[in-house]
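Student: So that we are looking at the same thing, I have put the structure below in structure tokens.
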């Protein structure tokens with residue numbers, strides 16, 4: 001899922017929880033939640049691929065019968081992704 005697009009944030013949540021730093025982990029999770037909601041869709045593969053495009057510079061190619069997102073649906077997903085990237089949290093060093 002989205003761990004490929006946002007590996008540092010995923011690891012930070014895990015490490016913070018292991019260290020008992022729940023408030024810090026929760027803050028990152030709250031930032032991450034709108035992105036995670038993209039995973040609960042019949043378009044989850046396309047949503048994740050589009051998140052990877054914006055976060056790590058890959059492409060949005062998917063295998064048939066799926067097709068890359070387009071039109072309004074693509075614009076809506078990109079808005080969620082851009083909002084997250086614009087407010088990406090500063091992560092602690094481990």
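Residue numbers (this note's numbering): 1 to 94. Cβ atoms here follow ideal geometry from the backbone N, Cα and C, with glycine treated the same way.
1) Taking DSSP as the reference, what is the three-state secondary structure of residue 60?
2) State yes or no: is the C-beta of residue 5 within less than 9 Å of the C-beta of residue 54?
3) Could you round the C-beta distance between residue 15 and residue 94 to whole angstroms and report it? I think they count as a contact, below 8 Å.
4) Please state if the CB of residue 28 and the CB of residue 38 are separated by a distance shorter than 9 Å.
5) Give the single residue among 51, 22 and 18 whose Cα lies nearest to the Cα of residue 79.
6) So, with DSSP's three-state summary, where would you put residue 71?
7) Leaving out the 5 sequence neighbours to the left and right, which residues in its chain are closer than 8 Å to residue 2 when beta-carbon positions are compared?
8) From this set, 74, 56 and 81, which residue's C-alpha is nearest residue 8's C-alpha?
Tutor: The relevant details are as follows:
1) Correct three-state label for residue 60: coil.
2) A contact, by the Cβ cut-off of 9 Å.
3) A Cβ-Cβ separation of about 5 Å places residue 15 in contact with residue 94 under the 8 Å criterion.
4) No; because the gap between Cβ atoms is not below 9 Å, this pair is not in contact.
5) Scanning 51, 22 and 18 for the CA closest to the CA of residue 79 turns up 51.
6) Residue 71 carries a helical assignment under DSSP once its states are collapsed to helix, strand and coil.
7) Cβ neighbours of residue 2 beyond the five flanking positions: 10, 32, 35, 36, 38, 39, 48 and 51.
8) It is 56 whose Cα lies nearest to the Cα of residue 8.
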